[in-house]
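Structure first, then comments.
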Amino acid sequence: MATPSATLPRAAAPREIPHDVSPGLWTLAWRRLSADRVGMVSLAIVVAFVVLMILSGTGLVAKDWAREVGVNYAPPSFVGADVEAGAPAAPAAPAASVSAGDWQSSIVDPLADVIAELKGTKRAAAPGAAPAEGGSVDPLADVMADIRAGKAAETAAPATADVRSATLPFGGDKWGRDVVAKTIKGSETSIFVGIAAALVATALGTLFGAVAGYYGRWVDDAFNWFYSVFNSIPYLLLILAFAAVLQQKGMLTIILILGLTGWTGVFRLIRAEYLKHKSREYVQAADAIGASNARRMFVHIFPNVSHVVLVQLSILVVGFIKAEVILSFLGFGVPVDVVSWGSMLNEAQNELILGKWWQLVAATVAMATLVTAFSLFTDALRDALDPKLKGLKGH
Amino acid sequence: MTAYIIRRLWQMVPTLAGVVLLVFFLFNWIGGDPAYVLAGKISNQEQIDNIRRQLGVDQPYWVQLWIFVKQILSGDFGASWSTNERISSIILTRLPPSLTVLVPLLILETLIAIGLALAVAYVRGSLTDRMVMILCTIGLSISILVYIIVFQYVFAYKLGWFPVQGWGDSFAENLFRYASLPILIGLAVSIAPNLRLFRTFVLDEINQDYVRTARAKGLSENRIMWVHVLRNASIPIITYVMAALPALLIGAFLIERFFSIPGIGREVILAVERSDFPVIKAITVYVAVATMVFNLLADLMYKAVDPRVQLR
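Those protein sequences? They're chains A and H, same order as listed.
FYI, in the working numbering the residues of the first sequence are 1 to 395.
FYI, in the working numbering the residues of the second sequence are 1001 to 1312.
What follows is the structure, encoded as C-alpha cells:
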C-alpha cells in the first residue's frame, strides 16, 4: 500500500527525528568563554573600544577633536579653573601665561591678545637664552601663539562664536583641545594599527608555518633558516632598523614594520601544528579523494589549527598596540599631525613638568584599560579554546 | 661536548649569513642611495660623495655586498655618517654605560622576582596570590613610557632624590648616582612579567613527589622551598634569563634616552633619527652574533644545571 504520497513523509521522517548533534569546537569554546565572567567583561570592554574606534573613524564621535574648545591647558572641571596659570613657565609658553580671565577680555579687546603675545615673547627673550629646558619644552609655542593671535584678531568681530571655556570635563591640551575627544581619536590610530599589524603578522606567520610544516624537508629548512635569521636580531632592534630604512612615516609604514617583523612567534607554533597534523588520517583521507596540497593545507588542516592562530592574533594585538605607542612616542611612528596615544604621551611628558597631568592620565588610563582587558580576554580565549592549557600562562 | 659546541658554532654560519643578507637588503637595497637619504641632513656634497664611494653605490650589488662582508670580517665599519666617529669606538664607548645600568638591573630583577615567585606560589590560589597576579596584569598594561615619565617626574623632578638625567665619568658615581633611578624604573617595569613567568615555573615543581617526600622527612617549609623547589625551578629560570641577555646589549633604550645615558640603546635611536645607517648596520650584526652566542651558552648552562638534558 505504498502510495507515493505515503512514502514521502516516511522518507522525510528520519530527518525530523531529534538527535543530539554534538557541539563543535567553536560552540564549546563559546560556552566555556561565556561561563568565564572575567573573560566576558574584558570582551565587552574590548568590543566597546573597537566600536568607539569605528565610530571615531567614520566621524560620528570625536569629529571635532581638533577644535580648541577650552583655554590652553584647560584643567579638568573637578580641579577648577587655573588662576595662576603657568607663571613660572611663562618663557616656555607665552600663551599659557594668559589666564582664563585674560582670555575673556581678549574677546572684548582684539588687541589684548597681541599685546599679551608680545609681552610673552619679550619675557621669553629677556632672560637671555631662555633656560635650555624651558626652550625645549615647546618650540612651537611661539608660532602657535602668533597664529592664534592672528586668528583672534580676525575673528574678534563675531567674537561670541569663539568662547573658550576655562575648564573642560577632563581637561584640555596645550591648545585647549578636549583631552577626551583627543584620546578617542588617538585610540583610533593605536587600535587600528595594532589590529591591522597583527593581521599582517599572523597571516605571514600562518602561511609560512603551514608551508614549512606541511612540505617539510628543504622547504622546512629554508623557512627555519629565515626564522632563525629574524629571531637572532632582538625584536626592538629589528623594528628600529626597519623604521630607519622606511623613511616615509605613516600608518601603512608602521603596520608594515610591525607586521613584517612580528610573524616569528606565530610561525613557530603553526609549523609545529602542521607537522603534527599532516600525517593524521583525515589528511590522508583528503589525499585519497584527490584534494590538492593547497586544499589539504587550508581547507582540511587549517580549521583544526585555527584556534592557535586566533590566540596568537590576540596576543599580537596587545603587543603591537604597546609597540605603536612607543614608536609614535619616539617619532618613528605615525606622522606628527596624526594623534595617537604615543604622541599624546610625548606631549604629556613636557606638560607634566608644567604640572598639567591630565593628558598623561587620559592616555594612560585608556591604554591600560584596553590592554588589561585584551590580555585578560586572551587568557580567557586560550582557556576556552584549549582547556588543557589552563594554567600555563607564561609567554 | 666539544663536538656539540663545534657543531653549534658551525650552524651559526648560515644564520649569520642570513643576518648579513637581511641587513644588506634593508639598508643597501631598500634604503637605497645615501645621497637621497642624507639630502637635507648632510649639506656637504663632498662628504656624501665620499660615503657613496665607500659603499660602492655605483658598483653592482654583489660588489657592494662584498664590501659589507669585508667590513664585518675586519670589524671596521668605517665612520658614522653624522658625527664621523669611528664605529668601533662608538660601540666600545657606549657599551659600558649600558652595562652599568643593565647588569645590576638584571641581577636585582631576577633575585626579587624569584623571591616573590616562591612566596606567591607557596600561597597559590589564595587571595594574596590572585591579587598579586591581577596587579601584575595591570602593571603590564601600563606603557613603559608612563613608568619612566612619572618616576622621573616624581622622584627626580619633584622630590629631587635623584638627578633628573646625566652621566658622569667615574664608575661609582654613575652606578650609585645616575643609574639608581633608571634601575628602579627597570625593576618596576620588569618585575611583573618575570614574576608571572617564574610563578608558573615554581608551580610546575611544587606539586612534585619529591616535595611531598621532603615534607614527609620533616624538613622545614623554608628548606623545601628555597632548596628543593628552587633548585628545580631554576632550570627554566636560568634558560629564560640567559635568553634575555642579548637584550642587554641594546639596553633599555627608552630609559637611556630619557636619562641621557650615553649607551648603545640611545645610540641606536639617535642613529635612526639621523639615518646613520652604518651605525645601525654594525650594531645589528654584532647584536645578532651575540644573541647566537648567548643562545649557545644558555643551552650549555641548561646542561650544567640539569644533567638529565641530552645535548644533540
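Just so it is clear, CB atoms sit at the ideal spot from N, CA and C, and this is done for glycine as well.
Q) Nearest to residue 216 of chain A by CA position, among A:271, A:238, A:179 and A:188, is which residue? A) Scanning A:271, A:238, A:179 and A:188 for the CA closest to the CA of residue 216 of chain A turns up A:271.
(Q) Using a Cβ-Cβ cutoff of less than 8 Å, which residues in the same chain neighbour residue 1255 of chain H once the five nearest sequence positions on both sides are dropped? (A) The residues are 1101, 1148, 1182, 1185, 1186, 1261 and 1265.
Q.
Counting only C-beta atoms, is residue 1287 of chain H closer than 8 Å to chain B at any point?
A. Judged by its chain identifiers, the structure shown contains no chain B, and its protein chains are A and H.
Q: Return no unless some Cβ of chain A is closer than 8 Å to the Cβ of residue 1126 of chain H.
A: No, because no Cβ of chain A sits closer than 8 Å to the Cβ of residue 1126 of chain H.
**Q.** For residue 1214 of chain H, three-class secondary structure by DSSP
**A.** It is helical.
Q: Please compile the residues from chain A whose C-beta is within a distance smaller than 7 Å of the C-beta of residue 1002 of chain H.
A: Residues of chain A passing the Cβ test: none, with the nearest at roughly 23 Å.
**Q.** residue 1072 of chain H versus residue 1273 of chain H: straight-line alpha-carbon distance, rounded
**A.** Roughly 23 Å separates the two Cα atoms.
Q: Spell out whether any CB of chain A is found under 8 Å from the CB atom of residue 1027 of chain H.
A: Taking 8 Å as the threshold, the shortest C-beta distance from residue 1027 of chain H to chain A falls below it.
**Q.** chain H residues whose Cβ lies nearer than 8 Å to that of residue 334 of chain A
**A.** None at all; the shortest Cβ gap to chain H is about 15 Å.
Q. How would you list, in chain order, the residues of chain A whose beta-carbon sits under 9 Å from the beta-carbon of residue 1098 of chain H?
A. Contact of residue 1098 of chain H with chain A by beta-carbon distance below 9 Å is absent, the smallest such distance being about 13 Å.
Q) residue 218 of chain A: buried (16+ other C-beta within 10 angstroms of its C-beta) or exposed? A) Taking every protein chain shown into account, the CB of residue 218 of chain A has fewer than 16 other CB atoms within 10 angstroms, so this residue is exposed.
**Q.** Beta-carbon neighbours of residue 326 of chain A, restricted to chain H and to distances below 9 Å
**A.** Neighbours of residue 326 of chain A in chain H, taken as residues whose beta carbon is under 9 Å from its own, are 1143, 1144, 1145 and 1254 in chain order.
Q | Euclidean distance between Cα positions of residue 1253 of chain H and residue 196 of chain A | A | Roughly 26 Å between the two C-alpha positions.
Q: Compute the Euclidean distance between the alpha carbons of residue 208 of chain A and residue 221 of chain A, then round it to the nearest angstrom.
A: If I take the Cα positions, the gap works out to 12 Å.
Q | Three-state secondary structure assigned by DSSP to residue 291 of chain A | A | Coil, per DSSP.
Q | Three-way DSSP call (helix, strand, coil) for residue 1179 of chain H in this model | A | DSSP places residue 1179 of chain H in coil when its eight states are reduced to three.
Q) Are the beta-carbon atoms belonging to residue 1174 of chain H and residue 1243 of chain H less than 8 Å from one another? A) Judged by beta-carbon spacing, residue 1243 of chain H lies beyond the 8 Å limit of residue 1174 of chain H, meaning their Cβ atoms are not closer than that value.
Q.
Quick check on the DSSP output: what are the complete alpha helix (DSSP H) runs of length 4 or more inside the stretch 1275-1306 of chain H, in order along the chain?
A. Counting only runs of 4 or more, we get 1277-1305.
Q.
Short of 8 Å in beta carbon distance, which residues of its chain neighbour residue 1156 of chain H, apart from the five on each side in sequence? Order them along the chain.
A. Scanning its chain for C-beta atoms nearer than 8 Å, with the 5 sequence neighbours on each side dropped, one finds around residue 1156 of chain H the residues 1162, 1163, 1164, 1165 and 1181, in chain order.
Q | Chain-ordered chain A contacts of residue 1022 of chain H [CB-CB under 7 Å] | A | What residue 1022 of chain H touches in chain A: 229.
Q: At 8 Å on the CB atoms, spell out the chain H contacts of residue 312 of chain A, in chain order.
A: Result: empty, since nearest Cβ-Cβ is about 18 Å, beyond 8 Å.
Q. Going along chain H in order, which residues have a C-beta closer than 7 Å to the C-beta of residue 329 of chain A?
A. By Cβ distance, chain H contributes 1145.
Q | C-beta neighbour in chain H for residue 378 of chain A, strict 8 Å | A | It does not; no Cβ of chain H falls within 8 Å.
Q: Please classify residue 1086 of chain H: does DSSP put it in a helix, a strand, or coil?
A: Note: residue 1086 of chain H maps to strand in three-state DSSP.
Q | Neighbour-count burial assignment, residue 347 of chain A, 16 or more Cβ in a 10 Å radius | A | Buried: at least 16 other Cβ atoms inside 10 Å.
Q. What three-state label does DSSP hand residue 280 of chain A in the structure shown?
A. Three-state DSSP puts residue 280 of chain A in coil, outside helix and strand.
Q. Terminal residues of the continuous alpha helix (DSSP H) containing residue 198 of chain A?
A. Per DSSP, the unbroken alpha helix (DSSP H) holding residue 198 of chain A starts and ends at 179-215.
Q | Neighbourhood of residue 1159 of chain H by C-beta, 6 Å cutoff - its chain only, sequence neighbours within 5 removed | A | No residues qualify anywhere along the chain.
Q. For residue 186 of chain A, which of A:293, A:329 and A:234 has the nearest alpha-carbon?
A. For the residues A:293, A:329 and A:234, the minimum Cα distance to residue 186 of chain A belongs to A:329.
Q: Answer with buried or exposed for residue 1001 of chain H, where buried requires no fewer than 16 other C-beta atoms within 10 angstroms of its C-beta.
A: Exposed, by the Cβ-count rule.
Q.
For the pair the stretch 1007-1019 of chain H and the stretch 1279-1292 of chain H, tell me if three or more CB-CB distances fall below 8 Å.
A. In this structure the stretch 1007-1019 of chain H touches the stretch 1279-1292 of chain H; the number of beta carbon pairs closer than 8 Å is three or more.
Q | Beta carbon of residue 177 of chain A nearer than 8 Å to that of residue 227 of chain A | A | No.
Q | Contact between the stretch 347-361 of chain A and the stretch 1128-1141 of chain H (3+ Cβ pairs under 8 Å) | A | Contact between the stretch 347-361 of chain A and the stretch 1128-1141 of chain H is absent, because fewer than three Cβ pairs lie under 8 Å.
Q) For chain H, is any of its Cβ atoms less than 8 Å away from the one on residue 257 of chain A? A) No, no contact with chain H.
Q. Does the stretch 296-315 of chain A touch the stretch 375-382 of chain A, meaning 3 or more C-beta pairs lie closer than 8 Å?
A. Judged by Cβ distances under 8 Å, the stretch 375-382 of chain A makes contact with the stretch 296-315 of chain A, as three or more pairs qualify.
Q: Look at residue 1077 of chain H and residue 1281 of chain H and say whether their C-beta atoms are less than 8 Å apart.
A: Result yes, Cβ atoms of residue 1077 of chain H and residue 1281 of chain H sit closer than 8 Å.
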